[in-house]
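Working notes, beginning with the structure itself.
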Ligand SMILES: CC(C)(COP(=O)(O)OP(=O)(O)OC[C@H]1O[C@@H](n2cnc3c(N)ncnc32)[C@H](O)[C@@H]1OP(=O)(O)O)[C@@H](O)C(=O)NCCC(=O)NCCS
């Protein structure tokens, strides 16, 4: 099968990238697209799709962020910067509204799962599991050897989702956060040939 066409970056972003940076952004964009298609296929016509975050999504994204992380909403420039490096994705419902977000950062052979959240009225419906699944497939697509994240030690729901996806706790970090529960768990998973099996499709 021939490879899918590489999505063209927005003109403004293209203008700010050149040479190797542009090639890397295009490579990551293509990986994100392939991972999105694979996630939707695994989920089986789910009524949502995972797509690159756009400027028009930022109001909804920041509302989801503020509700999900009331003690430490992400800094103002975080999402635009992640969009520019092709690491910001949303889960979009059929009516176009944003149900959740996942921000990742590719660093050599490690994929950092930076920010994951589901709109609060849609939590508990498996959307977070599929957003995470997209991140793990993206890690495989980019050739990362492992995917890594940090989670507050008292975030039982998120930890349950990560454990169910095959991540394990690799270390505990005292005073990682400045507010609330300050201890973080670092969780990670080996990617590529040792990637986790597909979700059970619920
Ligand atoms: C964490 C988050 C992304 C998960 O997304 P979600 O769509 O709510 O999660 P899912 O529906 O896919 O899965 C929820 C799972 O958590 C489990 N769960 C729910 N509440 C739980 C709790 N208090 N303790 C343990 N497990 C819990 C459910 O049983 C379910 O597992 P199951 O499907 O095996 O029964 C979402 O809840 C969220 O955005 N939370 C706020 C932001 C956040 O904490 N992000 C992670 C930062 S590291």
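In my numbering, the protein residues as written are 216 to 417. We put the beta carbon where it would ideally sit given N, CA and C, even for glycine.
On the CB-based measure, 16 or more other CB atoms within 10 Å of its CB, does residue i come out buried or exposed?
i: residue 350; result: buried
i: residue 318; result: buried
i: residue 260; result: exposed
i: residue 313; result: buried
i: residue 238; result: exposed
i: residue 218; result: Any reading at residue 218 must be qualified, since the residue scores a pLDDT of 40, below 50, and its modelled position is unreliable; the value itself is stated next. When all chains shown are included, residue 218 counts as exposed.
i: residue 290; result: exposed
i: residue 331; result: buried
i: residue 280; result: buried
i: residue 173; result: Residue 173 lies beyond the stretch modelled for the chain, which goes from 216 to 417, so this question has no answer here.
i: residue 272; result: buried
Is it the case that the CB of residue i approaches a heavy atom of ligand 1 more closely than 8 Å?
i: residue 290; result: no
i: residue 381; result: no
i: residue 362; result: no
i: residue 404; result: no
i: residue 264; result: no
i: residue 401; result: no
i: residue 243; result: no
i: residue 376; result: yes
i: residue 313; result: no
i: residue 301; result: no
May I ask whether a heavy atom of ligand 2 can be found less than 8 Å away from the beta carbon of residue i?
i: residue 365; result: Absent from the structure shown: ligand 2. Ligands present: ligand 1.
Excluding the 5 residues preceding and the 5 following residue i in the sequence, name in chain order all residues of the same chain whose CB lies nearer than 6 Å to its CB.
i: residue 395; result: 286
i: residue 256; result: none
i: residue 227; result: A caution first: residue 227 carries a pLDDT of 48, below 50, which makes its placement in the model unreliable, though a value can still be read off. Around residue 227: no qualifying Cβ.
i: residue 270; result: none
So, for residue i: in the same chain, excluding its five sequence neighbours on each side, which residues have a beta-carbon less than 8 Å away from its beta-carbon?
i: residue 359; result: 321, 324, 325, 326, 406, 407
i: residue 403; result: 361, 362, 363, 364, 382, 383, 385
i: residue 220; result: Caution is warranted here: a pLDDT of 45 is assigned to residue 220, below 50, making its placement in the model unreliable, and the coordinate value is therefore given only provisionally. So the list is empty, once near-sequence residues are dropped.
Grab the span of the beta strand (DSSP E) containing residue i for me, first residue to last.
i: residue 266; result: 263 to 267
i: residue 331; result: 325 to 333
i: residue 304; result: 303 to 308
i: residue 378; result: Element bounds for residue 378: not the beta strand (DSSP E) but the alpha helix (DSSP H), 371 to 379.
Which same chain residues, not among the five before or five after residue i, have their C-beta less than 7 Å away from its C-beta?
i: residue 253; result: 352
i: residue 266; result: 251, 304, 305, 307
i: residue 371; result: none
On the DSSP letters alone, give me the boundaries of the alpha helix (DSSP H) that residue i sits inside.
i: residue 344; result: 342 to 357
i: residue 424; result: Coverage of the chain is limited to positions 216 through 417, which leaves residue 424 absent and any answer about it impossible.
i: residue 337; result: Taken as a continuous stretch (DSSP letters only), residue 337 belongs to no alpha helix (DSSP H), as it is neither H nor E.
i: residue 273; result: 273 to 283
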